[in-house]
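Here is the structure we will look at, set down as structure tokens.
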Amino acid sequence: MAGRIEDYALIGDMQTAALVCRDGTVDWLCLPRFDSHAIFAGLLGTEEHGFWRLGPAHASDAEPPRAARRSYRGDSLILESEWDTPRGTVRVTDFMPPRDGAPQLIRIVEGVSGRVPMRSTLRMRFSYGRVVPWVHKHEGRTVAVAGPDSVWFDTEAETYGKSLTTYADFTVAPGDRIAFTISWEPSHKEPPALPEPEQSLQATEDFWREWVEHCTYHGPYREAVVRSLITLKALTYAPTGGIVAAPTTSLPEDIGGVRNWDYRYTWLRDAAITLSSLLRTGYREEARAWREWLLRAVAGDPENLQIMYGIAGERELGEAELDWLPGYESSAPVRVGNGAAHQLQLDVYGEVTEALHLGHMTGLARNDYASLLQLKLIRYLERHWDEPDEGIWEVRGPRRHFVHSKVMAWVAVDRTIKLIESGDADGPLERWRELRDDIHRDVCEKGYDKERNTFTQSYGSKELDASLLLIPQMGFLPPDDKRVIGTIEAIQRELSTSDGFILRYPTEGDSEGVDGLPGDEGAFLACSFWMADDLAMIGRVDEARRLFEKLLALRNDLGLLAEEWDPRLKRQVGNFPQAFSHVPLIDTALRLTASGAYGG
1 MAGRIEDYAL IGDMQTAALV CRDGTVDWLC LPRFDSHAIF AGLLGTEEHG FWRLGPAHAS
61 DAEPPRAARR SYRGDSLILE SEWDTPRGTV RVTDFMPPRD GAPQLIRIVE GVSGRVPMRS
121 TLRMRFSYGR VVPWVHKHEG RTVAVAGPDS VWFDTEAETY GKSLTTYADF TVAPGDRIAF
181 TISWEPSHKE PPALPEPEQS LQATEDFWRE WVEHCTYHGP YREAVVRSLI TLKALTYAPT
241 GGIVAAPTTS LPEDIGGVRN WDYRYTWLRD AAITLSSLLR TGYREEARAW REWLLRAVAG
301 DPENLQIMYG IAGERELGEA ELDWLPGYES SAPVRVGNGA AHQLQLDVYG EVTEALHLGH
361 MTGLARNDYA SLLQLKLIRY LERHWDEPDE GIWEVRGPRR HFVHSKVMAW VAVDRTIKLI
421 ESGDADGPLE RWRELRDDIH RDVCEKGYDK ERNTFTQSYG SKELDASLLL IPQMGFLPPD
481 DKRVIGTIEA IQRELSTSDG FILRYPTEGD SEGVDGLPGD EGAFLACSFW MADDLAMIGR
541 VDEARRLFEK LLALRNDLGL LAEEWDPRLK RQVGNFPQAF SHVPLIDTAL RLTASGAYGG
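In structure tokens, the structure reads:
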């Protein structure tokens, strides 16, 4: 059985990523891209669906021993795990070098003390655990081939095959270093170059050290901010600038339930807010690359803007279920692709426009097509802003007039007016000022419950929604407006868990709720960070800081966050690690620092 979600570490090369458990097992790896088929899918099934364990040898009927200590090497994505055994101590260093050729996962075993018996157990299963590859020797190297894929396994250790699995048994003493590498190559091509593990390790460490040096944030909790920035960088697909929401699919929001989705794509919303965090901490190159990705993905057809695309800008992301995988802790179905790609989510126009606006305000080099795209998006909104949509949470129930969607439509118009006022674009200024006022008036009249002094999830509804917390952050109303304060306090009353974290919206257990799905879910971490932001904005800074520090305490030992926190099971749930959790962590740290919450 796979480990708890928070038991995993992330390693990656900015084109794909692997998850490594505390016991030294790689349970998830897609090659050669984030959205490729997994060769290790044990995370969503059993060991029969592929894994690679490297650690101290143990009895076959015993649980694999868990590392006594693990950490990233400095500010990098190089994982170091140490085991203390009766015979001594051993360290395993796991990393994926930024790619210059074939993708590689490298694992270096180092003896620290004593003589420790070790075992590598490599079970490759292609196509998400469905296909057993042909494993054979080629010029002294081990290669696994199935269809278009080949994976090459290189090590100095003696290997042998048994039960469709490749093993290596060896012993390490102090000073011993034994490397293991897998490399992917299309099966019709020549073998990849022999790996150079030590040189690759140094190059990987140099890459991350130099990248982190560009960070301009030096306030409190810098360690948490930097680790989140590294995680966001790891979720960026370097060849195109696209940013995945998470490197996994179908890690459940509700353990044992059906709320299991594929997040290995680029949501415009998630990518836009990721970009805003990167821009505000000194990373303009990533912002420029994403803007170029956006312009290619949208192309000349902004009226058919999708809410998500593939990492290279692909539009077709058809959803399917993998019925041979039982799912993480029996959370089925396992889905690949995402049927929400063609939903109407009007808020996306606001997030994209806000990201373009922030790039403009922070000195990103002017791009005339980006400005033209922004104008085209507003012309589309002019005709469609007053329609119902599926909203930020991608409901699979009927469309509604979601308040957050209308607010973000207002943001899109407002930021475009500012672009025109700056002289960097031409447009019907007076007409769009009237449009901005019309949207604002419509939201305040139809999305506000005067009796309860709160905005509501959608026009005419009584339900609340944590996305309403973004109203003051987007500048739709000032923080001291009584309607804003009333909304914040209503969400605290009605959407807080017993430990003070925030749910997205009410769910209905076994009945279908507003999102069209049965089951409940955990507290949505982004919403909890939004609450901390709002509390700081309305002057309740100490309360904001306490909530922020409680959220930081939910991170795993490596500083990583999934999408949600299950307050009943006291564990992380949802896809992991999640950009939509790490972005608001950064934003809240910046806001609290600016507010003087730490005496700054």
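If you're matching positions, the sequence shown starts at 1 in full-length UniProt numbering and goes up one per residue. Note that CB positions come from ideal geometry on N, CA and C, so glycine has one too. In this text the structure is predicted, and so the values were computed from the model without any measurement.
Quick check: the Cα distance between residue i and residue j, rounded to an integer number of angstroms?
i           : j           : result
residue 422 : residue 358 : 13 Å
residue 551 : residue 525 : 8 Å
residue 605 : residue 458 : Any property of residue 605 remains undetermined from this structure, which presents the chain solely from 1 to 600.
residue 112 : residue 44  : 34 Å
residue 38  : residue 16  : 10 Å
residue 377 : residue 350 : 9 Å
residue 587 : residue 229 : 11 Å
residue 145 : residue 240 : 28 Å
residue 604 : residue 167 : Because the chain in this structure spans residues 1 to 600, residue 604 falls outside the shown range and cannot be described.
residue 184 : residue 12  : 14 Å
residue 432 : residue 417 : 7 Å
residue 591 : residue 66  : 38 Å
residue 62  : residue 42  : 18 Å
residue 226 : residue 197 : 26 Å
residue 181 : residue 59  : 25 Å
In three-state DSSP terms, what is residue i?
i           : result
residue 151 : strand
residue 531 : helix
residue 601 : Since the first residue shown for the chain is 1 and the last is 600, residue 601 is missing from the structure and cannot be characterised.
residue 573 : strand
residue 250 : coil
residue 182 : strand
residue 383 : helix
residue 56  : strand
residue 602 : Because the chain is modelled from 1 through 600, residue 602 falls outside the range shown and cannot be assessed.
residue 189 : coil
residue 88  : strand
residue 353 : helix
residue 281 : coil
residue 4   : coil
residue 197 : helix
residue 160 : strand
residue 589 : helix
residue 71  : strand
residue 565 : strand
residue 403 : helix
residue 359 : helix
residue 145 : strand
residue 43  : helix
Here's the rule I'm using: 16 or more other beta-carbon atoms within 10 Å means buried, otherwise exposed. How should residue i be labelled?
i           : result
residue 133 : buried
residue 236 : buried
residue 31  : buried
residue 1   : exposed
residue 330 : exposed
residue 190 : exposed
residue 341 : buried
residue 148 : exposed
residue 104 : buried
residue 100 : exposed
residue 138 : exposed
residue 247 : buried
residue 582 : buried
residue 94  : buried
residue 213 : exposed
residue 521 : buried
residue 121 : buried
residue 505 : buried
residue 309 : buried
residue 199 : exposed
residue 544 : buried
Please indicate yes or no: does the CB of residue i lie closer than 6 Å to some heavy atom of the ligand MN?
i           : result
residue 498 : This structure does not include the ligand MN; it has no bound ligands of any sort.
Is the number of C-beta pairs between the region 267–284 and the region 190–204 that are closer than 8 Å three or more? No contact exists between the region 267–284 and the region 190–204.
Sequence ranges, alpha helix (DSSP H) only - wholly within the region 408–452, length at least 4: Considered as a whole, the region 408–452 harbours 429–446 as its complete alpha helix (DSSP H) runs of no fewer than 4 residues, in chain order.
The region 353–372 / the region 284–301 touching (three or more Cβ pairs under 8 Å): Segments in contact, yes.
Contact the region 117–126 vs the region 159–177: 3+ CB pairs below 8 Å: Contact annotation: the region 117–126 touches the region 159–177, with at least three C-beta pairs closer than 8 Å.
Specify whether the region 243–262 and the region 565–574 touch according to this definition: at least 3 beta carbon pairs, one from each stretch, less than 8 Å apart. Under the three-pair Cβ rule at 8 Å, the region 243–262 counts as touching the region 565–574.
Return the chain-ordered ranges of every alpha helix (DSSP H) run that is complete within the region 457–528 and spans a minimum of 4 residues. Taken in chain order, the whole alpha helix (DSSP H) runs of length 4 or more contained in the region 457–528 are 470–473, 482–494.
Is it a yes or a no for the region 409–424 touching the region 470–480, going by three-plus beta-carbon pairs under 8 Å? At 8 Å Cβ cutoff, the stretches touch.
Using 8 Å as the cut-off, can you tell me whether the region 297–309 makes contact with the region 62–78, which would need three or more C-beta pairs spanning the two stretches below that distance? Proximity of the region 297–309 to the region 62–78 falls short of the contact definition, fewer than three beta-carbon pairs being nearer than 8 Å.
Segments of 4+ residues assigned as alpha helix (DSSP H) that fall wholly inside the region 94–143: Taking 4 residues as the minimum length, the alpha helix (DSSP H) runs contained wholly in the region 94–143 are 126–129, in order along the chain.
Does the count of Cβ pairs from the region 426–442 and the region 376–385 closer than 8 Å reach three? With a cut-off of 8 Å, the region 376–385 and the region 426–442 count as touching, because enough Cβ pairs lie within range.
Which whole runs of the alpha helix (DSSP H) in the region 263–320 are 4 residues long or more, in chain order? As far as the region 263–320 is concerned, its whole alpha helix (DSSP H) runs of at least 4 residues are 268–280, 284–298.
Flag this pair as touching only if the region 86–93 and the region 149–158 have three or more C-beta atom pairs under 8 Å; answer yes or no. The answer is no - the region 149–158 does not touch the region 86–93, with fewer than three Cβ pairs under 8 Å.
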